[in-house]
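Numbering (the numbering used here), first residue to last: 150 to 245.
Every residue, glycine too, gets a C-beta built ideally from N, C-alpha and C.
A quick note: this is a predicted structure, and the numbers were derived from the prediction, not measured.
A quick write-up on the structure given underneath.
What follows is the structure in structure tokens.
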């Protein structure tokens, strides 16, 4: 799977010594939908399950496709996917 990396600074602020309280955190901004038969190397979720989340609108995604092209690339917003997983974890804890 190919990830587009984006350097995000998690509210970095300088302390009195001029140092950085919050170091920069590297994380993907987008996660590419895995190829058929493969799993996401970040979450371990399969292509079919991720595609279902996209179809049902449970995660944010975009399709990169040139005009007139039959195929493109589906990218899922990392934060949206992590929020979905976190929500499912909370719901499962409540049911237990």
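Top-ranked residue by Cα proximity to residue i, from the options
{"i": "residue 176", "options": "231, 237 and 244", "result": "231"}
{"i": "residue 205", "options": "218, 233 and 244", "result": "233"}
8 Å Cβ cutoff met for residue i and residue j
{"i": "residue 194", "j": "residue 188", "result": "yes"}
{"i": "residue 213", "j": "residue 224", "result": "yes"}
{"i": "residue 180", "j": "residue 191", "result": "yes"}
Reduced DSSP category for residue i - H, G, I as helix; E, B as strand; rest coil
{"i": "residue 211", "result": "strand"}
{"i": "residue 175", "result": "strand"}
Residues of its chain near residue i, where Cβ-Cβ distance is below 7 Å and the 5 sequence neighbours each way are ignored
{"i": "residue 210", "result": "203, 223, 224, 225 and 226"}
{"i": "residue 200", "result": "182"}
Residues of its chain near residue i, where Cβ-Cβ distance is below 6 Å and the 5 sequence neighbours each way are ignored
{"i": "residue 229", "result": "208 and 209"}
Contacts around residue i, its chain only, beta-carbon distance under 8 Å, and the 5 residues preceding and following it disregarded
{"i": "residue 244", "result": "none"}
{"i": "residue 221", "result": "212, 213, 214 and 215"}
- Task: Can you check the stretch 180-243 for any beta strand (DSSP E) of at least 3 residues that lies completely inside it and give the ranges in chain order?
- Result: Taking only runs of at least 3 residues, the beta strand (DSSP E) segments lying wholly in the stretch 180-243 are 210-213 and 222-226.
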